[in-house]
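Below is one structure, written out as C-alpha cells; the observations come after it.
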Amino acid sequence: MHTLEKLQSALNLLKTKRIEITCEGWYLQDCWLVQVKPGGNARTDRKYWQVRSRQAIFNGKTLKHLKQDQLEDYRTAIARGRQLKQIDRQIQKLQQQLERLMLEQQILEVIRTLNFKAQEVQDEDGH
Numbered sequence: 000m001h002t003l004e005k006l007q008s009a010l011n012l013l014k015t016k017r018i019e020i021t022c023e024g025w026y027l028q029d030c031w032l033v034q035v036k037p038g039g040n041a042r043t044d045r046k047y048w049q050v051r052s053r054q055a056i057f058n059g060k061t062l063k064h065l066k067q068d069q070l071e072d073y074r075t076a077i078a079r080g081r082q083l084k085q086i087d088r089q090i091q092k093l094q095q096q097l098e099r100l101m102l103e104q105q106i107l108e109v110i111r112t113l114n115f116k117a118q119e120v121q122d123e124d125g126h
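All residue numbers for the sequence shown refer to numbering that gives the first Met the number 0, where the first residue is 0 and numbers rise by one.
Structure representation (C-alpha cells):
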C-alpha cells in the first residue's frame, strides 16, 4: 500500500508540474529550429532561421521563416514543448505502474479470500 501512495503522489506532482509549464505560455511540440543559407539565385549569403515541424502546423506547412525578434520566443516555446513531452511520458509510465500495482493487489485480495474460504471448508470437514 505504501508503494501505491508513493506512485500516486509522484503522479500528482508531475500533473501539477505539467499545469505550471502550460500556464507559462504557448508551446510547440515536435518542432526544431534550423539556420539556413538562402538558395537559388539569392544575392546574399546571410543565414536566416526557420522553425520546422513534423506536422503541418504553420498554416498547412511544416516550416516557417522567422524574424530575428521571433527567435527567442520560438526557442522558449520549443523548450516548453520538450519538457511537456517528457513529463507526459513520465505520467504515462507512472499510470501504467499504478494500474499494474492495483491489479496485483486485487489478485492478492482474491487469493486471500479463496484461501480463507478453503480454510473454512477444511474446518467444517474436521469438525
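By construction, the Cβ of each residue, glycine as well, lies at the ideal position given by its N, Cα and C atoms.
Please read all numbers here as calculations on a predicted model, not as lab measurements.
Minimum C-alpha distance to residue i - residue among the options
i, options, result
"residue 65", "33, 5, 16 and 120", "33"
"residue 11", "96, 90, 114 and 105", "90"
"residue 19", "86, 38 and 73", "86"
"residue 52", "81, 24, 3 and 41", "81"
Start and end residues, beta strand (DSSP E) containing residue i
i, result
"residue 27", "Taken as a continuous stretch (DSSP letters only), residue 27 belongs to no beta strand (DSSP E), as it is neither H nor E."
"residue 63", "62-65"
"residue 51", "47-52"
Proximity below 8 angstroms, CB of residue i to CB of residue j
i, j, result
"residue 26", "residue 107", "no"
"residue 100", "residue 13", "no"
"residue 9", "residue 93", "yes"
"residue 182", "residue 24", "Given a span of 0 to 126 for the chain in the structure shown, any question on residue 182 remains unanswerable."
Burial state of residue i, where buried means 16 or more other Cβ atoms lie within 10 Å
i, result
"residue 35", "exposed"
"residue 77", "buried"
"residue 120", "exposed"
"residue 50", "buried"
Distance cut-off 7 angstroms: residue i Cβ against heavy atoms of the ligand FAD
i, result
"residue 16", "Within the structure as shown, the ligand FAD is missing, as the structure has no ligands at all."
Closer than 8 angstroms to chain B by CB, residue i
i, result
"residue 108", "Annotation note: the requested chain B is absent from the structure, which comprises a single protein chain."
Evaluate the contact criterion for the segment 13-31 versus the segment 39-47: three or more CB pairs, one atom per stretch, below 8 angstroms.
At 8 angstroms Cβ cutoff, the stretches do not touch.
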